[in-house]
Amino acid sequence: MTMACKRATELMSLSLDRPLTLPEKGSLRMHLMMCRHCRRCNRQFEVMHRITSRRREDQEEVESKPPE
Ligand SMILES: [Zn+2]
Numbered sequence: 014m015t016m017a018c019k020r021a022t023e024l025m026s027l028s029l030d031r032p033l034t035l036p037e038k039g040s041l042r043m044h045l046m047m048c049r050h051c052r053r054c055n056r057q058f059e060v061m062h063r064i065t066s067r068r069r070e071d072q073e074e075v076e077s078k079p080p081e
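FYI, the numbering for the sequence shown is 14 to 81, going by my numbering.
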């Protein structure tokens, strides 16, 4: 794994915690365009992202319900 790959992976995992900034997104997308390894890795992060954001929505729904 090259330094660029390490950085790209960091950005992918960072995106699970917070939205990436524009320059971060740009450099990640650029790297994904030329690195097949990271593209595959990114797909797994996207799946994880969907799962975690769905879970977050569920929690919010529960919290916003008025007490019965
Ligand atoms: Zn890479």
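Backbone N, C-alpha and C define an ideal beta-carbon position, used for all residues, glycine too.
Span of the alpha helix (DSSP H) around Pro36: The residue you call residue 36 lines up with position 23 of the sequence shown. 35 to 47 is the span of the alpha helix (DSSP H), which, as asked, contains Pro36.
Any heavy atom of ligand 1 inside 7 Å of the beta-carbon of His62? Locating residue 62 in the sequence shown gives position 49, counting from the first residue. Every heavy atom of ligand 1 is 7 Å or more from the Cβ of His62, so no.
For Thr154, which three-state DSSP category applies? Any property of residue 154 remains undetermined from this structure, which presents the chain solely from 14 to 81.
How many angstroms separate the CA atom of Cys54 from the CA atom of Met25? Position 41 of the sequence shown, counted from the start, is the residue given in the question as residue 54. Position 12 of the sequence shown, counted from the start, is the residue given in the question as residue 25. Counting only the Cα atoms, Met25 lies some 9 Å from Cys54.
According to DSSP, is Glu23 part of a helix, a strand, or is it coil? Here residue 23 refers to the residue found at position 10 when the sequence shown is read from its first residue. Looking at Glu23 - three-state DSSP - the assignment turns out to be helix.
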